[in-house]
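If you read the sequence shown in my numbering, its first letter stands for residue -6, the second for the next number, and so on.
The beta-carbon is built from N, C-alpha and C at its ideal position, and this holds for glycine as well.
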Amino acid sequence: MKHRYLIVFFTVAALLGGVSNSLAESEKMSVVLDWFINPDHGPLFIAQEKGFFSQQGLDVSFHVPSNPNDPPKLVAAKNADIAVSYQPQHYLHVDQGLPLVRIATLVATPLNTLVVMADSDIRNLAQLKGKTVGYSIGGFETVILKVMLESQGLSLDVVKLVNVNYSLSPSLFSKSTDAVIG
């Protein structure tokens, strides 16, 4: 944990190295998170709590988006300074012409999974045929699911896709989806 903490500190310091410590007023910086606040964001909040941002002359505010698809778009529209996002989603946005640049890595391992309830009759990918699959971030999660299904000789057309945004678990619990990817 201490190693990760130091990596975040030095990453933040390197990114913000050009900001003078002698600023009379802190420069405001808005960061839009990728999801509701969770342990993945811990290093950011620790850096804020320890005063690392203010030491660099920054007054950082964190915001939870109303839609997990929005953070990169908010930065591209200049409605936020930094967005926490997913690398595959970043590639898609850049390919679509959004003026975005990757500046750091917060979590180096993909966190996305395909999940079904333990009591579900779905035990393999082929059994998703005819089922409803919820997702939260359009574009890359559906691409991942497409590739997974193709590995079983199936197409994305064999499932019904539903954007459930933040409601991945609730949609499974309520049985409005048979599986979720996110």
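In this structure, DSSP gives K122 a state outside helix and strand, which the three-state scheme calls coil. Going by beta carbons, L91 and P65 fall inside the 8 Å limit. If you ignore the 5 residues before and after R95, its C-beta comes within less than 7 Å of the C-beta of H83, all in its own chain and listed in chain order.
Assigned with DSSP and collapsed to three states, V140 falls in helix. Separation of E143 and E42 (C-alpha to C-alpha, rounded to the nearest whole angstrom) is 46 Å. In the structure shown, G35 adopts helical secondary structure according to DSSP, grouped into three states. If you look at K168, you'll find it isn't in any alpha helix (DSSP H); DSSP assigns it neither H nor E. Looking at P32, G146, F55, I137, the one whose alpha-carbon comes closest to that of L154 is I137.
In this model, S19 and G50 are separated by some 5 Å (Cα to Cα).
For K66, the three-state secondary structure derived from DSSP is helix. At the C-beta level, V109 and D171 come within 8 Å of one another.
For D52, there is no enclosing alpha helix (DSSP H); the enclosing beta strand (DSSP E) has its first and last residue at 51 to 56. Within the same chain, S23, V24, V25, L26, A73 come within 8 Å of H56 by CB-CB distance, once the 5 residues on both sides are set aside. The Cβ atoms of Y128 and P61 lie no closer than 8 Å to each other.
By alpha-carbon distance to F133, the top candidate from H34, I174, A119 is I174.
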